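There are 2 protein chains.
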Amino acid sequence: MSRFTGYFLMKEGDIPDYVRFEFPDYFDDGAKLSVREIGDGNLNYVFRVVDERSGKSIIVKQAGEQLRISAEMRISTDRNRIESEILLLQDKYAPGLVPRIFKYDTVMCACLMEDLSDHRLMRYALMEHKTFPRFADDITTYMVNTLLNTTDVVMEHKAKKELVKSFINPELCEITEDLIYTEPYNDAKGRNIVTPENLDFVKKELYGDRALHLEIAKLKFDFMNNAQALLHGDLHTGSIFVKEDSTKIFDPEFAFYGPMGYDIGNVIANLFFAWDNGDAAGNGVFCEWTLVTAVEVIDLFRKKFLAEYAKKVTDIMAKTEGFAEYYLGTIIADTAAGAGTELIRRTVGMAQVKDVTTIADRAKRARAERINILCAKDLIMNRAAFKTGDDFVAAFRGAVKAVDAL
Amino acid sequence: MSRFTGYFLMKEGDIPDYVRFEFPDYFDDGAKLSVREIGDGNLNYVFRVVDERSGKSIIVKQAGEQLRISAEMRISTDRNRIESEILLLQDKYAPGLVPRIFKYDTVMCACLMEDLSDHRLMRYALMEHKTFPRFADDITTYMVNTLLNTTDVVMEHKAKKELVKSFINPELCEITEDLIYTEPYNDAKGRNIVTPENLDFVKKELYGDRALHLEIAKLKFDFMNNAQALLHGDLHTGSIFVKEDSTKIFDPEFAFYGPMGYDIGNVIANLFFAWDNGDAAGNGVFCEWTLVTAVEVIDLFRKKFLAEYAKKVTDIMAKTEGFAEYYLGTIIADTAAGAGTELIRRTVGMAQVKDVTTIADRAKRARAERINILCAKDLIMNRAAFKTGDDFVAAFRGAVKAVDAL
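If you read the protein sequences in the order shown, they are chains D and A.
This note's numbering applies: residue 141 is where the first sequence begins, and numbers increase by one.
This note's numbering applies: residue 141 is where the second sequence begins, and numbers increase by one.
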């Protein structure tokens, strides 16, 4: 039973009463609750509720029916159900690496979840050139455990198909299909944002490269059709909370069944964006950390994947000699492609990253963007040749050299 | 509203009343209805209802909850909904090539459909070495229209995802996963049926070939994950009714979103089974027709596919130069694999085909089975090299030569 009988967008003032009704045991009777709306995303309202006496806190996250920046674009509130259900599932597979969900209310499309205010958004911490020694280990544990365990290599096949059905996510997938797999290559809707210094470069390298378009078309339909694993679907450093001794992956509202490499590639690309920012600031130590971490993400993923595969695989044909290595090979190729498409779409698409957009020096920013684009093209066009972490970083270093030689 | 308030398995005596209630306008008031249960499948009950005065008739098809041959295996009656919905959809895409559905009753899991008693089951007609000049043209129209039009290359992407969701078919897909992609290669459940003369041959060529197992594993997970098009899912010559001037494809209860080549390959393999039967009877003219028809099925599919693609494709990236040809190339490779896996599973698996099992001469039957297996392995192992109809028939003729040289 919900506190309310019909959906409406809650205001701060509605929240204390709502929390007490929905989760009566969480706060003491004498609690003095204060509420602040802290959402900075585009789709959701995030209320932080604190008991001023005990300091205890909780988050209420409610899905809106339209984009916060534009009432024109309406989006189904079902994404909040998807997010709550997937966080519950991921908490089972990767305990401690996702925020806890206490309750999901289908009437209000809202959930009560663990408050992670003692963590920081990873992107902002990286923009201060902070390093996180646990990150490669934590993110690869999270990815191997949530991705491999939701495939039909591991899961009972009928149960896996029910999960596929439950996480079909037409509206948010459409956003990805448009923003990642279409517009960066043709500016079809006139929504791209290209820095003036790179207009000709983008015209030639992205809009004018037909061989690239053909590979993107292949990747687009693989993304749309290959129901391999239950992805996070938006695994950039703005979807990760960090503190010294903790990593929490949140905001999986883009979750659906797709190719694993899409998630892993997103992580790699966002480490490269962090490099862009550190390099513009002349912080070589930080830059080195981002690349070493990219190497570790790939190589630890490989190692943990094969270990978990040997332990968990149930399907008899999946146990065929050589299949695990073949399967991992396709995942790493998809990872190269996923990193490439993320590098490109964040550089010329409508949703850019602050790591790059905050580089004040125009020439440095333009250089970073060219590096991202050339690295991306190598990753996409030669994706089948990528195997180890070193291969990925070699592509990035190669792009730096190529741009500096232009 | 249904005639009954709860599901039960109807008997012949229940049917006249049921039909008059469900479809009151179909028969005249004075009609004298006679009913006969004519189902010969394993899952469903098929009642033919005839007005003895006018000759007018209709079919009532009801889904049972267990296999007719074994009460142990229970199967969801939801497959009848899937079948009715897909026939309605296919009637839109390929009018005249599927039986008409008049009504579907969710309570009784039964549908009222067009009576095709003036048609014959194609498999039985082929076993009498009848030829069907319209077949290649009709079946390729059916396949291009029902397959290409249900992809996201053509469909609006969100609508396509809703179709994927609606046709997720865990139980019947599991049968395919076991019987086609697992058991023929290891007899995992002891259900295979191998003719005594071929025991050693099957042990060596199927159970002992690890390179083959690896390719089957790849195909199995592609079958399970690649939500490319809404397949028929069981497109053999026992799912096709024919008469001189008409082809009707029915029984799509295995329908789900999978790789198109699975359907097309099934058609090719079943033409080869017809060859086996004709060859054992020394009917060279019929054999030639089966192979010419296989060539036409591939080549007409290619031609109609590209024409329909040019007309219907909506996705901007799918219009990229070269993509249609790439996409068709993957479909034809999947077709080779689909033909190969069907040839093998019908030869050693638990569900065999009468074209081959009725060959009375033991040596001739064993030879046919070896041809099927060697042809299948060529199709599977070299699937990426298959392009035209001639390539498929060359593989079959090559297998005949190889077996005769053994």
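Positions of the beta carbon are idealized from the N, C-alpha and C atoms, including for glycine.
All values derive from a computational prediction rather than experimental measurement.
When the beta-carbon positions are compared, E317(D) and K298(A) stay at least 7 Å from each other. Apart from sequence neighbours up to five positions away, the residues of its chain that approach R523(D) with a beta-carbon distance below 7 Å are A473, A476, A477, ordered along the chain. From the beta-carbon of H269(A), no residue of chain D is found nearer than 7 Å; the closest lies around 37 Å away.
At a beta-carbon threshold of 7 Å, the residues of chain A lying near I308(D) are K301, V304, K305, ordered along the chain. Distance from the CA atom of G195(D) to the CA atom of G405(D), rounded to whole angstroms, is 38 Å.
Residue contact with chain D for L359(A): absent (no Cβ-Cβ distance below 7 Å to any residue of chain D). Counted as a single uninterrupted DSSP element, the stretch harbouring F163(A) is not any alpha helix (DSSP H), since DSSP gives it neither H nor E. In the structure shown, the three-state DSSP call for Y244(A) is strand. F526(A) has its alpha-carbon roughly 39 Å from the corresponding atom of M253(A). A contact between stretches requires three or more CB pairs, one per stretch, nearer than 8 Å, and the stretch 514 to 521 of chain D fails this requirement with the stretch 430 to 450 of chain D. When beta bridges are read from the DSSP output, R260(D) appears opposite V382(D).
One finds F361 in chain A with Cβ atoms closer than 9 Å to the Cβ of V293(D), taken in chain order. The beta carbon of R523(D) sits no closer than 7 Å to any beta carbon of chain A. Across the structure, P392(D) and T217(D) are spaced so that their CA atoms are roughly 14 Å apart. Under the DSSP assignment, V190(A) falls in the beta strand (DSSP E) whose first and last residues are 184 to 191. For a cut-off of 8 Å, the C-beta gap from T481(A) to L303(A) is around 25 Å, too long to register as a contact.
Between H259(D) and S386(D), the beta carbon gap of about 6 Å places them in contact (Cβ cut-off 8 Å).
Boundaries of the beta strand (DSSP E) harbouring L252(A): 250 to 253, taken from the DSSP string.
Assignment of A171(A) by DSSP, reduced to helix, strand and coil, places it in the coil class. At the C-beta level, G373(D) and F396(D) come within 7 Å of one another. Contact between the stretch 352 to 369 of chain A and the stretch 285 to 298 of chain A is present, with at least three C-beta pairs closer than 8 Å. Per DSSP, reduced to three states, the secondary structure at K451(D) is helical. When secondary structure is reduced to three states using DSSP, A421(D) falls in the coil class, being assigned neither helix nor strand. Residue pairing by DSSP places S216(A) in no beta bridge whatsoever.
Not a single CB atom of chain D sits nearer than 7 Å to the CB of H372(A). For G398(A), there is no enclosing alpha helix (DSSP H); the residue is found in the beta strand (DSSP E) stretching over 396 to 398. Counting the other Cβ atoms within 10 Å of the Cβ of E465(A) gives fewer than 16, which makes it exposed. Contact between V533(A) and A434(A) holds: their C-beta atoms lie close to 6 Å from each other, under 8 Å. Burial check for A503(D): the Cβ neighbour count within 10 Å stays below 16, so the residue is exposed. Within the stretch 443 to 477 of chain A, contact with chain D at the beta-carbon level (separation under 7 Å) is assigned to I456, M457, A458, T460, E461, G462, F463, Y466. Considering only D168(D), F163(D), F412(D), D154(D), the residue with the shortest C-alpha distance to R176(D) is D154(D).
Taking C-beta atoms under 8 Å as the contact rule, S257(A) and S197(A) qualify, at a distance of about 7 Å. Residue pairing from DSSP leaves N326(A) without any beta-bridge partner. Runs of beta strand (DSSP E) with 3 or more residues, each lying fully within the stretch 274 to 337 of chain A, are absent. The beta carbon of E355(D) does not come within 7 Å of any beta carbon belonging to chain A, so the residue lies off that interface. Taking a C-beta distance under 7 Å as the contact criterion, A479(A) and A542(A) do not qualify as a contact pair.
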